[in-house]
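See below for the structure under consideration.
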Amino acid sequence: MMEEMYGKTDDNQSFGDMVADYMEKGFLDNIVSMFKADRDACSLIVRLIRDERMRVRIGAIALVEELVALPWRDELADMLLPLLEDESPLVRGDAAYCFGIIGGDSHIEHLSKLKGDAVKDVSEAATEAIESIMNEKKL
0 MMEEMYGKTD DNQSFGDMVA DYMEKGFLDN IVSMFKADRD ACSLIVRLIR DERMRVRIGA
60 IALVEELVAL PWRDELADML LPLLEDESPL VRGDAAYCFG IIGGDSHIEH LSKLKGDAVK
120 DVSEAATEAI ESIMNEKKL
């Protein structure tokens with residue numbers, strides 16, 4: 000739906016490339032509005048978290064924070080599961096952090112596998128995400 004609304008950019012970049020480029024330029028508010036209007040767009044978050052540009056990855060996490068109250072929160076979290084096994088420790092750590100924001104009980108088992116990650120930041124992110132999920136249950 001969003002691709003139909005916004006089409007392709009002039010130089011034939013894919014819609015995902017366009018969103019990542021906008022994210023890098025700091026247009027988070029516009030992107031949040033688009034994602035809230037089109038649940039199918041949430042699948043792009045996986046791509047944004049894998050992006051090599053730090054500003055795009057940070058923006059993707061901020062986007063997850065903005066989408067936490069949406070009714071498809073669990074679906075969004077499930078889309079992120081493959082990122083926990085990504086070869087990049089940055090991606091694994093960012094994904095674990097996102098699960099601390101939107102994850103639920105069903106994600107704790109997946110996060111637990113990262114507690115033994117060879118990269119300390121990843122294991123710490125997974126531990127903190129589990130704690131966050133457990134603390135949310137207490138509320």
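Okay, so the sequence shown: first residue is 0 according to numbering that gives the first Met the number 0, each after it adds one.
For glycine and all other residues, C-beta sits at the position ideal for the given N, C-alpha and C.
Query                                                                                                       : Result
Closest by C-alpha distance to S122, when choosing among P88, I101 and D104                                 : P88
7 angstroms Cβ cutoff met for I30 and L82                                                                   : no
Status (buried if at least 16 other CB within 10 Å, exposed otherwise) for A95                              : buried
Residues near I100 in its chain [Cβ-Cβ closer than 7 angstroms; skip 5 each side]                           : V63, E64 and V67
Cα-Cα separation between R54 and G15, rounded to whole angstroms                                            : 15 angstroms
Close Cβ partners of A61 (< 7 angstroms) along its chain, the five nearest in sequence each way excluded    : L27
For F26, the first and last residue of its enclosing alpha helix (DSSP H)                                   : F26 -> no alpha helix (DSSP H), and no H or E assigned at all.
C-beta contact flag for D120 and G103 at 7 angstroms                                                        : no
Span separating the alpha-carbon of L79 from that of K24                                                    : 24 angstroms
DSSP-derived helix/strand/coil call for G92                                                                 : helix
Straight-line gap, K139 to L69 (C-alpha atoms, nearest Å)                                                   : The shown model of the chain, from 0 to 138, leaves out residue 139, and the question about it has no answer.
C-alpha distance - E108 paired with C97, whole-angstrom precision                                           : 15 angstroms
Outcome for D116 when other beta-carbon atoms lying within 10 angstroms are tallied against a minimum of 16 : buried
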